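Structure first, commentary second.
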Amino acid sequence: MSPPSRLSIATVVVMTVALGLVFFYAPLEAEQGFLQKIFYVHVPLAIIALCGFVAGGIMAIAHLRTRDPRWDMRSYVTIHMSLIFAVGTLITGSIWAKGSWGHWWVWSEPTLVSFLIVFLLYATYQPLRFAIEDPERQARYASVFAVTAGAFVPLNFIAVRLSTAYLHPRVLGSTSNLPSQMALTFLVSLLGLALLFTTLCKYELAAKHARAQLRALRRAAAEREGLTGGENSGAHARRPRSAAPTQYPATAMTAGSPGRPTV
Amino acid sequence: MSTPVPQTRPAPAAQQQADTAAPPAQTGTLSTVAAILRKELLIELRTLESVPGMSLFALTTFVVFHFALNRNNVDGDLAAGILWVTLLFAAMLGINRLFVADADQGGFDGFLLAPVDRSAMLLAKALALLAYLVVLEVVAVPAFALLLLGPPIGPALPGLVGVLALGDLGVAAIGTLVAAMAVRTRARDLLGPLLALPLLVPIVIGGVRASEPLLVLGHTGTPGARWLLLLGLYDLVFGLIAYALFDFLLED
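Residue numbers (the numbering used here), protein chains in the order written: chain A, 1 to 263; chain B, 1 to 252.
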């Protein structure tokens, strides 16, 4: 591959600046002290994961409209990465909850509970996908799931928020009531993590693309080996894919015929 | 259970006429829906595969709850929770079986060969699931009142019927979509509930919160408007989503 792209460099730079701001620039919060710094990781992770889920749904719509498998691949990678970020959100949220309330899990915190439900839903995305063999149908069904789940995300947040008494960590209001130093740090962290998300998605897409190409090349090589008459054991193992279908029914019939006349 | 059948009886005649007539005369969506719905209900009436199982499951679950909680009677939020969890899991049985016959015995292929609107399948299956749920509730709610519920069911019934109806619409829409998605995968019995349960969490939230004031001792409450609104919003959004996406599940 080419040397690190501008996107990767930007990600590293902004992430470094964000960490520097978090630890050396942003003031300590009066009530929670050092613990509050996890806010600069937890909230951006949550925002990006949610946006990623919804974006995955939008890409799935694009796939269903255009039938371009690349959109399905983008949707898959975005959802996959969002799922990883959602795990990060749940872990950091849990740590924060332990620090502020003394419990690893707090049901009265609607954002965290909604996240768990969304996470549980999206955790079924890959089992659904890989339970379907046909690649075209796999892409189609995965897209239908992605659109449904993408619409579920906001509705679920409304439902869970309604169901809990309004209780929020004290600093986690809208950014407008944050001190400006905190707001700046938060926005830089958000940007850094968003860049990280994009970079990781890009790399995963590149890896998937490379793997698909490799598989196609291997298949082509195996086929060529089979055509030139290389009947050694290595080629033989792969033969049933390309050459055997003409043989297979015949052997099946001869194997079945001795039983037939007796019936 | 038998009421929908006479209502849809003229449908197959219309279907046959349309089939024997010239090919361009596409069958109307409504008559297709009626024909599929009639087929579903007839199969269910003859095989009794889903609804008796669902009802029996609900009754057994009430017994399990009695022992699990060690309570002779329940009221308020606990009663609402037990009722909804039981109905949801019983519904899951029906959802899992909804498309099995079509996938295994070529029903999908036959349907795809017919010159009809594919959304008709969604509508018919959702209506069939809705009918199963209604029958399930006709059995399970009186049983719940008899076995576990502390306060008398009578005064709560009108409100409860409304809340259950709103919940059923959402369960039918999402259940049909998920069932169609899961049935043609390798692990369909596993994937159906795995997909459906998180998607139905808002229904549980809305349904439990709305029926909770109806089931308290002294039953003074009415369902909170926002919970009914939540259920209605869910029904609308996922009804439209299921309608928009169902066709994509039936392409091959």
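Glycine residues also receive a C-beta, built at the ideal position from the N, C-alpha and C atoms. Because the structure is a prediction, the values reported are computed rather than measured.
Please identify the residue among 129/A, 150/A, 187/A and 205/A whose C-alpha is closest to the C-alpha of residue 186/B. Counted from its first residue, the second sequence places residue 186/B at position 186. Answer by Cα proximity: 129/A.
So, at 7 Å on beta carbons, what are the nonlocal neighbours of residue 54/A in its own chain, with the 5 sequence-adjacent residues on each side left out? Here residue 54/A refers to the residue found at position 54 of the first sequence. So the list reads 150 and 153, once near-sequence residues are dropped.
Listing by chain order, which chain A residues have their CB less than 9 Å from the CB of residue 234/B? Translated into the one-based positions of the second sequence, residue 234/B becomes position 234. Near residue 234/B (Cβ distances below 9 Å), the residues of chain A are 155 and 159.
What residues in the segment 190-203 of chain B have a beta carbon less than 7 Å from any beta carbon of chain A? 191, 194, 195, 198, 199, 201 and 202
Enumerate in chain order the residues of its own chain whose CB-to-CB distance from residue 212/B is below 7 Å, with the five nearest sequence positions on each side excluded. Counting from one through the second sequence, the residue named residue 212/B turns up at place 212. Excluding sequence neighbours, residue 212/B sits near 76, 77 and 80.
Residue-level contact to chain B via CB, residue 203/A, 7 Å cutoff: As a first step, residue 203/A must be located in the first sequence, where it is residue number 203. It does not: the Cβ of residue 203/A has no partner Cβ on chain B nearer than 7 Å.
Can the beta-carbon of residue 92/B be found closer than 7 Å to that of residue 223/B? Numbered from its first residue, the second sequence carries residue 92/B at position 92. Numbered from its first residue, the second sequence carries residue 223/B at position 223. Not a contact, by the Cβ cut-off of 7 Å.
In terms of residues, what are the limits of the alpha helix (DSSP H) holding residue 71/A? Counting from one through the first sequence, the residue named residue 71/A turns up at place 71. Unbroken alpha helix (DSSP H) run through residue 71/A: 69-101.
Expected contact under 8 Å - CB spacing of residue 7/A and residue 198/A to nearest Å: Here residue 7/A corresponds to residue number 7 of the first sequence, with the count starting at 1. Here residue 198/A corresponds to residue number 198 of the first sequence, with the count starting at 1. About 7 Å separates the two Cβ atoms, so the contact holds.
Whose C-beta lies closer than 6 Å to the C-beta of residue 188/B among residues of the same chain, with five residues either side of it excluded? Residue numbering aside, residue 188/B sits at position 188 when the second sequence is read from its first letter. Around residue 188/B: 182.
Coil, strand or helix - residue 29/A by DSSP: Locating residue 29/A in the first sequence gives position 29, where the first residue counts as 1. Strand.
Residue 247/B to residue 124/B span [Cα, whole Å]: Within the second sequence, residue 247/B is the residue found at index 247, counting from 1. Within the second sequence, residue 124/B is the residue found at index 124, counting from 1. One C-alpha to the other measures close to 14 Å.
CB contact below 7 Å: residue 118/B versus chain A: Translated into positions along the second sequence, residue 118/B becomes position 118. Answer no: the Cβ-Cβ gap between residue 118/B and chain A never drops below 7 Å.
Tell me residue 74/B's beta-bridge partners as DSSP assigns them. Along the second sequence, one-based indexing puts residue 74/B at 74. Beta-bridge pairing links residue 74/B to 149/B.
Using a C-beta cutoff of 7 Å, does residue 121/A count as contacting chain B? Mapped onto the first sequence, residue 121/A falls at position 121. For residue 121/A, the answer is yes, since a Cβ of chain B falls inside 7 Å of its Cβ.
Nearest to residue 217/B by alpha carbon, out of 165/B, 118/B, 73/B and 151/B? As a working note, residue 217/B is residue 217 in the second sequence. Cα-wise, what sits closest to residue 217/B is 151/B.
In angstroms with no decimal places, state the Cα-to-Cα distance between residue 69/A and residue 249/B. Within the first sequence, numbered from 1, the residue matching residue 69/A stands at position 69. Within the second sequence, numbered from 1, the residue matching residue 249/B stands at position 249. Those two C-alpha atoms are separated by around 16 Å.
Using a Cβ cut-off of 7 Å (strictly closer), state whether residue 124/A contacts chain B. In the first sequence, counting from the first residue as 1, residue 124/A sits at position 124. Cβ-Cβ to chain B under 7 Å: yes for residue 124/A.
Neighbour-count burial assignment, residue 252/B, 16 or more Cβ in a 10 Å radius: For the purposes of this step, residue 252/B is taken as the residue at position 252 of the second sequence. It is exposed - the Cβ of residue 252/B has fewer than 16 other Cβ atoms within 10 Å.
By the DSSP assignment, the alpha helix (DSSP H) with residue 138/A in it spans what residues? Here the question's residue 138/A lines up with position 138 in the first sequence. 135-163 is the span of the alpha helix (DSSP H), which, as asked, contains residue 138/A.
What's the call for residue 200/B, buried or exposed, on a 16-neighbour Cβ count within 10 Å? Sequence index remark: in the second sequence, residue 200/B carries index 200 (1-based). With 16 or more Cβ atoms within 10 Å of its Cβ, residue 200/B is classed as buried.
State buried or exposed for residue 45/B, treating a residue as buried only when at least 16 other CB atoms are found within 10 Å of its CB. Position 45 of the second sequence, counted from the start, is the residue given in the question as residue 45/B. Looking at its Cβ environment, which holds fewer than 16 other Cβ atoms inside 10 Å, residue 45/B is exposed.
State buried or exposed for residue 161/A, treating a residue as buried only when at least 16 other CB atoms are found within 10 Å of its CB. Taking the first sequence and counting its residues from 1, one reaches residue 161/A at position 161. Label assigned to residue 161/A: exposed.
Using only CA atoms, which one of 176/B, 146/B, 149/B and 135/B lies nearest to residue 164/B? Against the second sequence, residue 164/B aligns to sequence position 164. Out of 176/B, 146/B, 149/B and 135/B, 135/B has the C-alpha closest to the C-alpha of residue 164/B.
Can you pull the chain A neighbours of residue 253/B, defined as C-beta to C-beta under 7 Å? The question about residue 253/B has no answer, for chain B in this structure spans 1 to 252.
If we call anything under 7 Å between Cβ atoms a contact, is residue 159/A one with residue 202/B? Counted from its first residue, the first sequence places residue 159/A at position 159. Counted from its first residue, the second sequence places residue 202/B at position 202. Yes, the Cβ-Cβ distance between residue 159/A and residue 202/B is below 7 Å.
In three-state terms, what does DSSP make of residue 213/A? Start at 1 with the first residue of the first sequence, and residue 213/A comes out as number 213. DSSP places residue 213/A in helix when its eight states are reduced to three.
Sequence-distant residues of the same chain with beta carbon closer than 6 Å to residue 239/B, five excluded per side: As a working note, residue 239/B is residue 239 in the second sequence. Answer for residue 239/B: 173, listed in chain order.
Beta carbon proximity, residue 141/A to chain B, threshold 7 Å: Position 141 of the first sequence, counting from 1, holds the residue named residue 141/A. Output row for residue 141/A: interface = yes.
Closer than 7 Å, Cβ to any Cβ of chain B: which residues of the segment 45-77 of chain A, in chain order? 64
Collapsed DSSP secondary structure at residue 223/B in the structure displayed: The residue labelled residue 223/B in the question sits at position 223 within the second sequence. Three-state result, residue 223/B: coil.
Decide if residue 117/A is buried, meaning its Cβ has at least 16 other Cβ atoms within 10 Å, or exposed. Position 117 of the first sequence, counted from the first residue, corresponds to residue 117/A. By the 10 Å Cβ count, residue 117/A comes out buried.
I'd like to know if residue 144/A contacts chain B, where contact means its C-beta is closer than 7 Å to some C-beta of that chain. Here the question's residue 144/A lines up with position 144 in the first sequence. By this cut-off, residue 144/A is an interface position.
List, in order along the chain, the chain B residues whose C-beta lies closer than 9 Å to that of residue 108/A? The residue labelled residue 108/A in the question sits at position 108 within the first sequence. Simply none; closest approach about 14 Å.
Through-space distance from residue 184/A to residue 15/A, alpha-carbon basis: As a position in the first sequence, residue 15/A is number 15, starting the count at 1. As a position in the first sequence, residue 184/A is number 184, starting the count at 1. Answer to the nearest angstrom: the Cα atoms are 14 Å apart.
Can you tell me whether residue 155/B is buried or exposed, with buried defined as 16 or more other CB within 10 angstroms of its CB? Translated into the one-based positions of the second sequence, residue 155/B becomes position 155. Exposed, since its Cβ has fewer than 16 Cβ neighbours within 10 Å.
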